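See structure below.
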Amino acid sequence: MRICVFLSAADLDECYTRPAREFAELLGKGGHTLVWGGSDVGLMKVVADGVQEAGGRLCGVSVDFLAAKARAGADEMVIARDLAERKKLLLEKADAVVIMVGGTGTLDEATEILELKKHGHTEKPVVLLNTAGFYDGLKQQFLRMEEEGFLPRPLTDLVFFAEEPVGALAHLEESQGVE
Numbered sequence: 141m142r143i144c145v146f147l148s149a150a151d152l153d154e155c156y157t158r159p160a161r162e163f164a165e166l167l168g169k170g171g172h173t174l175v176w177g178g179s180d181v182g183l184m185k186v187v188a189d190g191v192q193e194a195g196g197r198l199c200g201v202s203v204d205f206l207a208a209k210a211r212a213g214a215d216e217m218v219i220a221r222d223l224a225e226r227k228k229l230l231l232e233k234a235d236a237v238v239i240m241v242g243g244t245g246t247l248d249e250a251t252e253i254l255e256l257k258k259h260g261h262t263e264k265p266v267v268l269l270n271t272a273g274f275y276d277g278l279k280q281q282f283l284r285m286e287e288e289g290f291l292p293r294p295l296t297d298l299v300f301f302a303e304e305p306v307g308a309l310a311h312l313e314e315s316q317g318v319e
């Protein structure tokens with residue numbers, strides 16, 4: 141599978157990097173390809189290192205203004221003109237999406253894939269990896285949106301919430317028929 145991971149490029153605490161590294165190793169050992177923002181810094185680097193060290197492939201999609209931070213040695217690297225093109229390419233190249241911890245850019249990417257899915261423009265599985273309860277508030281907001289009629293589809297059709305990396309990958313593999 142080609143799994144797009146939306147996540148931060150910041151240097152983060154071990155409580156976030158350890159589960160990210162664990163997910164990356166599972167992804168690589170499973171023979172999957174990481175599709176990610178292409179940066180070789182912070183949490184993005186942690187995940188890319190883990191996938192590559194475990195035997196997986198790397199497909200990066202960077203953007204012009206971040207090209208200097210793009211990872212050398214990726215199996216594939218594309219430089220997009222702008223963030224909108226980057227998101228489009230990331231989603232086109234992926235069979236599934238995992239949302240890890242991140243800031244406004246990650247949240248933007250997450251809501252875009254969910255909006256596309258809500259309207260039936262994609263059926264790719266989406267997993268939100270809720271490391272250390274990072275997305276508890278967002279999950280609560282999504283549940284309120286569902287309860288109050290803001291979502292035309294059940295929340296469970298849009299996103300799967302996983303608390304641990306192994307559960308995130310297991311859900312994706314099951315949804316794609318990978319054994």
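Count the sequence shown with the numbering used here and you get residues 141 to 319, in order. Yeah, the Cβ is synthetic: ideal placement off N, Cα and C, and Gly gets one too. Note that the structure is a prediction, hence the values are computed from the model and not measured.
Per the Cβ contact rule, the stretch 157 to 170 is not in contact with the stretch 248 to 262 (fewer than 3 Cβ pairs under 8 angstroms). Contiguous alpha helix (DSSP H) elements confined to the stretch 202 to 243 occur at 223 to 232, taking only those with 4 or more residues.
Counting along the chain, Leu309 sits inside the alpha helix (DSSP H) bounded by residues 305 to 315.
Each residue's CA atom was taken as its position, placing Pro265 and Leu295 some 12 angstroms apart.
For Pro305, the number of other beta carbons within 10 angstroms of its own is at least 16, and it is reported as buried. The residues Met141, in chain order, have a CB closer than 7 angstroms to that of Val318 in the same chain once the five nearest residues on each side in sequence are set aside. The continuous beta strand (DSSP E) containing Thr173 extends over residues 173 to 176. By the beta-carbon neighbour count (other beta carbons within 10 angstroms, threshold 16), Phe301 is buried.
With contacts defined by Cβ atoms closer than 8 angstroms, Val203 and Asp215 do not form a contacting pair. Contact check for Phe163 against Leu268 fails: the beta carbons are separated by 8 angstroms or more. For Leu298, the enclosing alpha helix (DSSP H) starts and ends at 295 to 298.
One Cα belongs to Phe146, the other to Ala220, and the distance between them is close to 16 angstroms. Phe274 sits in coil when the DSSP states are folded into three classes, being neither helix nor strand.
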